[in-house]
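A.B. asks:
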Amino acid sequence: MTNGTGSVDIVIVGAGAAGLGFGVTLRHLGIENFAILDRAAVGASFLRWPRQTRFITPSFASNQFGQLDLNAVCLETSPAYSIGVEHPTGKEYAAYLQAVAKHFELPVTTGIDVLSIARKAPHQRFRLETNRGDIRARFVVWAGGEMQYPRTCGFQGAELCLHYSRVTSWDDLAGGERCIIGGAESGVDAAIALAHAGRRAVVFDREEPWNRKGSDPSQLLSPFSRARLHSAVESGRVTLCGGSVVTGVRRNGNGYQLALEDGEVFDSADEPILATGFVGSASLVRTLFDWRDEDFPLLTENDESTVTRGLFLVGPQVRQGNLVFCFIYKFRQRFAVVANQIARRLRVSTDPLKWYRRHGMYLDDLSCCEDACAC
Ligand SMILES: Cc1cc2nc3c(=O)[nH]c(=O)nc-3n(C[C@H](O)[C@H](O)[C@H](O)COP(=O)(O)OP(=O)(O)OC[C@H]3O[C@@H](n4cnc5c(N)ncnc54)[C@H](O)[C@@H]3O)c2cc1C
Numbered sequence: 016m017t018n019g020t021g022s023v024d025i026v027i028v029g030a031g032a033a034g035l036g037f038g039v040t041l042r043h044l045g046i047e048n049f050a051i052l053d054r055a056a057v058g059a060s061f062l063r064w065p066r067q068t069r070f071i072t073p074s075f076a077s078n079q080f081g082q083l084d085l086n087a088v089c090l091e092t093s094p095a096y097s098i099g100v101e102h103p104t105g106k107e108y109a110a111y112l113q114a115v116a117k118h119f120e121l122p123v124t125t126g127i128d129v130l131s132i133a134r135k136a137p138h139q140r141f142r143l144e145t146n147r148g149d150i151r152a153r154f155v156v157w158a159g160g161e162m163q164y165p166r167t168c169g170f171q172g173a174e175l176c177l178h179y180s181r182v183t184s185w186d187d188l189a190g191g192e193r194c195i196i197g198g199a200e201s202g203v204d205a206a207i208a209l210a211h212a213g214r215r216a217v218v219f220d221r222e223e224p225w226n227r228k229g230s231d232p233s234q235l236l237s238p239f240s241r242a243r244l245h246s247a248v249e250s251g252r253v254t255l256c257g258g259s260v261v262t263g264v265r266r267n268g269n270g271y272q273l274a275l276e277d278g279e280v281f282d283s284a285d286e287p288i289l290a291t292g293f294v295g296s297a298s299l300v301r302t303l304f305d306w307r308d309e310d311f312p313l314l315t316e317n318d319e320s321t322v323t324r325g326l327f328l329v330g331p332q333v334r335q336g337n338l339v340f341c342f343i344y345k346f347r348q349r350f351a352v353v354a355n356q357i358a359r360r361l362r363v364s365t366d367p368l369k370w371y372r373r374h375g376m377y378l379d380d381l382s383c384c385e386d387a388c389a390c
């Protein structure tokens, strides 16, 4: 299936960290009849990161001693080894993903945008409507990620702001001071990059994410961001405004005005930056899932849709109970869970997955993920 039409056992939608990592798991199981489709390129989301943005999770080539590099998407690879940096940029990481696709000879076809997915009856194949024709598949693994769907609503005038994901380089932004709405990882990343470029940034957040404590990195600023934020605040270039709920943004002459819930207003010469996160791509196939809430699909214990058998989700939108799988080192451990289900239904041996279990790449007992840092 090179031109993006035809029929395969499994279609993986998305050639990012999740789609490729899952594809390698199928390869390890000896499954051949699958396709990975991407509307853009291998690692497209990473290629779109602002030029200055770096991974917050560090890479280290620790495979030799049985610990997989935190940013590896599959066994026997390490971004630290292939790129040689601890905190890769998006472009560097995309190069690692391209190397993975090449090394494992993954069947990736780019330039194929999956527009909709339907199935007439549970015993029939899925029909994926794409910009290049229809594809039929027995199983669909959704790996479309979230970076391409910025969350741009939430208050009046949000459309006047510049979403974090639309910035290609912080150095190129005009102006001396920028307001940033949202103080989690992306907002803090923007503030640090602006400070580094000699500008000033004022960060507004309804809470104080920079002061949060706990042991789950999904809820906290990473140590990498925390340390750099500390220096940026010390330099006087970054101001943090916690407990500030932005209720609206409007044009004010040639500039902008932010209204806060407590009645205060804040003038800004340049468009404010929205660092309010992303909406998961699974919303494109919303009706094929039941939903826990607006953002996260309800999944079986095997990360399969609870209402559409044969449709699985891999990547950062996976939630199981209170567990958030937003980082690569977390969601990669669920590839084997999904692959195990598909292999069984295709009557393929699942023996290679024992190797995954031995290397911490098969997380099916979630009781071991409790908040457990003693000190
Ligand atoms: C600024 C930033 C910094 C981050 N830092 C870290 C970090 O340090 N460590 C970490 O673990 N995680 C980090 N993350 C999160 C990490 O990038 C994501 O969790 C990861 O990219 C998710 O991988 P994915 O394959 O699910 O999605 P993506 O990498 O976004 O890949 C999805 C792919 O699907 C394709 N696609 C989407 N929809 C369709 C469609 N309908 N048809 C065809 N193709 C489609 C896209 O083109 C894309 O290539 C960061 C994220 C951001 C935004």
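Going by this note's numbering, the first residue of the sequence shown is number 16, and it counts up by one from there.
For every residue, glycine included, the Cβ atom is placed at its ideal position computed from N, Cα and C.
1) Throw me the rounded Cβ distance for the Pro331 and Glu161 pair, which I believe falls under 8 Å.
2) For ligand 3, I want to know if Ile343 counts as a neighbour, meaning its beta carbon is within less than 7 Å of at least one of the ligand's heavy atoms.
3) Span of the beta strand (DSSP E) holding Arg265?
4) Taking the Cβ atom as the reference point for each residue, do Ala158 and Gly31 lie within a distance shorter than 8 Å?
5) On the three-state DSSP scale, how would you describe His178?
6) Since Leu85 and Tyr344 are thought to touch, with beta carbons under 8 Å apart, how far apart are those beta carbons, to the nearest angstrom?
7) Any heavy atom of ligand 1 inside 7 Å of the beta-carbon of Gln356?
8) Where does Asp310 sit, in a helix, a strand or coil, going by DSSP?
9) Should Arg221 and Ser259 be called a contact, given that it needs their Cβ atoms to be closer than 8 Å?
10) With H, G and I counted as helix, E and B as strand and the rest as coil, what does DSSP make of Ala333?
11) Hey, would you say the C-beta of Pro331 is under 7 Å away from at least one heavy atom of ligand 1?
12) What are the partner residues of Pro165, as DSSP defines its beta bridges?
13) Is DSSP giving Leu90 helix, strand or coil here?
14) State whether the region 232-244 contacts the region 129-143, with contact taken as three or more CB pairs (one from each stretch) at a distance under 8 Å.
15) Can you check DSSP and say which residues form a bridge with Ile196?
16) Using the Cα positions of Ala206 and His245, report the straight-line distance between them to the nearest angstrom.
17) Would Ala136 be called buried (16 or more neighbouring beta carbons within 10 Å of its own) or exposed?
18) Given a threshold of 16 other Cβ atoms within 10 Å of its Cβ, counted over all protein chains shown, does Leu313 qualify as buried or as exposed?
19) Please list, in chain order, all residues of the same chain as His178 whose beta carbon is under 7 Å from its beta carbon, the five residues on each side excluded.
20) Leaving aside the five residues before and after Gly148 along the sequence, list all residues of the same chain whose C-beta is less than 6 Å from its C-beta, in chain order.
21) May I ask you to verify whether the region 252-268 touches the region 174-194, counting CB pairs closer than 8 Å and requiring at least 3?
22) Among the candidates Glu385, His374, Asp379, whose CA atom is the shortest distance from the CA of Phe80?
23) Under 8 Å, with one C-beta from each stretch per pair, do the region 343-363 and the region 94-101 reach the 3-pair mark?
24) When every heavy atom of ligand 1 is checked, does at least one fall within less than 7 Å of the C-beta of Arg214?
25) Take Gly36 as the anchor and find which of Thr302, Phe170, Trp64, Phe119 has the nearest alpha-carbon.
C.D. replies: According to the structure shown:
1) Confirmed, Cβ separation roughly 6 Å.
2) Looking at this structure, you won't find ligand 3 anywhere; what it does contain is ligand 1.
3) Here the beta strand (DSSP E) through Arg265 covers 261-267.
4) For Ala158 and Gly31, yes; Cβs fall inside 8 Å.
5) Under the three-state reduction of DSSP output, His178 falls in the strand class.
6) Yes, they are in contact, since the Cβ atoms of Leu85 and Tyr344 sit about 5 Å apart, within 8 Å.
7) Ligand 1 has no heavy atom closer than 7 Å to the beta-carbon of Gln356.
8) Of the three classes helix, strand and coil, the one that applies to Asp310 here is coil, per DSSP.
9) Yes, Cβ-Cβ distance for Arg221 and Ser259 is below 8 Å.
10) The sequence given here has Val at residue 333, not Ala. Val333: coil per DSSP, three-state reduction.
11) Proximity of the beta carbon of Pro331 to ligand 1 is indicated: a heavy atom of the ligand is located closer than 7 Å.
12) Answer is Phe293.
13) Of the three classes helix, strand and coil, the one that applies to Leu90 here is coil, per DSSP.
14) No, they do not touch.
15) Its beta-bridge partners are Phe219, Leu289.
16) Distance from the CA atom of Ala206 to the CA atom of His245, rounded to whole angstroms, is 11 Å.
17) With fewer than 16 Cβ atoms within 10 Å of its Cβ, Ala136 is classed as exposed.
18) Here Leu313 is exposed, its C-beta having fewer than 16 other C-beta atoms within 10 Å.
19) If we look at His178 and ignore the five residues flanking it on each side, its Cβ neighbours are Pro165, Thr167, Leu289.
20) Cβ neighbours of Gly148 beyond the five flanking positions: Thr20.
21) Output reads yes: the region 174-194 touches the region 252-268.
22) For Phe80, the nearest C-alpha among the options comes from His374.
23) Note that the region 343-363 does not touch the region 94-101; fewer than 3 beta-carbon pairs, one per stretch, sit closer than 8 Å.
24) Because no heavy atom of ligand 1 lies under 7 Å away, the Cβ of Arg214 does not count as near it: no.
25) Among Thr302, Phe170, Trp64, Phe119, the Cα nearest to that of Gly36 is on Phe119.
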